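In the working numbering, the protein residues as written are 523 to 707.
All C-beta atoms in this analysis are idealised placements derived from N, C-alpha and C, irrespective of residue type, glycine included.
Everything numeric in this text was worked out from a predicted model, so none of it was measured.
One structure below.
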């Protein structure tokens, strides 16, 4: 099989929901190669604590690439303690301009409980509307579901869990094995 014919890695749905003074980041555990589920229990949501400053991150895309980005983000947070926006912008600048980092294929959702961002390799640091961010193969399904529930009496965690359940029912690259991290603003 030629390299350009090799089936790509698929998978992951990550959602961040801000509501009621909390931000919840939830991610599924499925990793697929072509039509095969390689692993159903991957942990794609992590808590970083550089210098005692808590940040929750979720990633979609290549795991090795995402871990490289998480290490870089942690270094940026250590250099700019308590300044998630600045650290995110610095990471996005490096990602966009560094020849090595440009090849990384991943996206991140990051939050410190106050701010919520999506960071991409195109140099984007996006603050989502309505306090909801979603990435990955089932991201649009989870985003739509969460947007429909955001004005309800449900908590941020309940919304994130239900949105992920809906995404898992629709997207074949998403499962219901969740990792959920909550952080207070």
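* Would the C-beta of residue 597 count as close to the ligand FAD, meaning under 7 Å from any of its heavy atoms? -> Of the ligands one can find in the structure shown there are none, so the ligand FAD has no counterpart to examine.
* Asked: With DSSP run on the structure shown, which of helix, strand or coil describes residue 694?
  -> The answer is coil: DSSP assigns residue 694 none of H, G, I, E or B.
* Asked: Just checking my contact of residue 631 with residue 538 at CB under 8 Å: how many whole Å lie between their CB atoms?
  -> The Cβ separation is near 5 Å, so the contact holds.
* **C-alpha distance - residue 691 paired with residue 551, whole-angstrom precision** => Rounded to whole angstroms, residue 691 to residue 551 spans 14 Å at the Cα level.
* Asked: When burial is assigned at 16 or more other CB atoms within 10 Å of the CB, is residue 633 buried or exposed?
  -> Looking at its Cβ environment, which holds 16 or more other Cβ atoms inside 10 Å, residue 633 is buried.
* Taking the CB atoms as reference points, tell me whether residue 547 and residue 703 lie closer together than 8 Å. => Going by C-beta atoms, residue 547 is nearer than 8 Å to residue 703.
* Beta carbon of residue 647, beta carbon of residue 641: below 8 Å? -> Going by C-beta atoms, residue 647 is nearer than 8 Å to residue 641.
* In chain order, what residues of the same chain lie with their CB nearer than 6 Å to the CB of residue 522, ignoring the 5 residues before and after it? -> Outside the displayed span of the chain (523 to 707) sits residue 522, for which this structure offers no information.
* To do: Compare the Cα-Cα distances from residue 622 to each of 594, 686, 707, 576 and report the closest residue.
  => Restricting attention to 594, 686, 707, 576, the CA atom closest to the CA of residue 622 is found in 594.
* Based on the DSSP secondary-structure assignment, which residues constitute the bridge partners of residue 475? -> Look at the range of the chain in this structure, 523 to 707, and you will see that residue 475 is not part of it.
* Measuring CB to CB, does residue 580 end up less than 8 Å from residue 598? -> No.
* Along the beta strand (DSSP E) that carries residue 659, what are the first and last residues, could you check? => It is not in any beta strand (DSSP E) - residue 659 carries neither H nor E in the DSSP assignment.
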